[in-house]
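Following: one structure in structure tokens, then a few remarks.
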Amino acid sequence: MSGGCCDFVWYSGGVVGLGGNSKRRFKGLLIGPFFGIIDYQQKVLGMAKPAKGKARVKVTASGKKVSYGQAGKAKGGGSRVKPGTPKGDSYCARSMGIKKGLSKKKQNDPNTPNNLSRKRWKCAGTKSRRK
Numbered sequence: 023m024s025g026g027c028c029d030f031v032w033y034s035g036g037v038v039g040l041g042g043n044s045k046r047r048f049k050g051l052l053i054g055p056f057f058g059i060i061d062y063q064q065k066v067l068g069m070a071k072p073a074k075g076k077a078r079v080k081v082t083a084s085g086k087k088v089s090y091g092q093a094g095k096a097k098g099g100g101s102r103v104k105p106g107t108p109k110g111d112s113y114c115a116r117s118m119g120i121k122k123g124l125s126k127k128k129q130n131d132p133n134t135p136n137n138l139s140r141k142r143w144k145c146a147g148t149k150s151r152r153k
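Under the working numbering, the first residue of the sequence shown is numbered 23, with each subsequent residue one higher.
As structure tokens, this is what we get:
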């Protein structure tokens, strides 16, 4: 590409004209002088990695990353999350109290860390289901 007044980038058989120092998004791609075509989705999302001390991460439809759950293994080396056990019932009761303290909008939002963890523990109210 030249550094003149109007740089052109080929995209899907069509030509996209760029002038000056402008940056424009075109069908999910970031296009600009001296940039060529950069895959915009890959640059923003990449591989999602949970925050420090968190077990999992969910990337929402809007691209927001939500980390949740405690990282590491249980004492015996197994999984920390064991639905359908007394420990699971205890977690579900505790997290239900957290849920009640939130606004109605947050209570019903499936992408809050509390709701994602409750889903992993298979919580139904204050009890943890086996299946």
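All C-beta atoms in this analysis are idealised placements derived from N, C-alpha and C, irrespective of residue type, glycine included.
- In this structure, Lys76 sits near Ala93, with a CB-CB distance shorter than 7 Å.
- Under the three-state reduction of DSSP, Ala96 is assigned to coil, being neither helix nor strand.
- The three-state secondary structure of Lys128, taken from DSSP, is helix.
- With fewer than 16 neighbouring CB atoms inside 10 Å of its own CB, Asn130 falls in the exposed class.
- Residue state for Arg102 is assigned as coil, using DSSP reduced to three classes.
- When Val103, Asn133, Gly99 and Ala96 are compared, the shortest CA-CA separation from Ser84 is found for Asn133.
- Scanning Pro108, Lys121 and Lys97 for the CA closest to the CA of Leu138 turns up Lys121.
- Between Thr148 and Cys114 a beta carbon distance of about 5 Å is seen, short of the 8 Å cut, so the two are scored as contacting.
- It is roughly 10 Å from the alpha-carbon of Trp143 to the alpha-carbon of Arg102.
- Pro105 counts as buried, since no fewer than 16 other beta carbons sit within 10 angstroms of its beta carbon.
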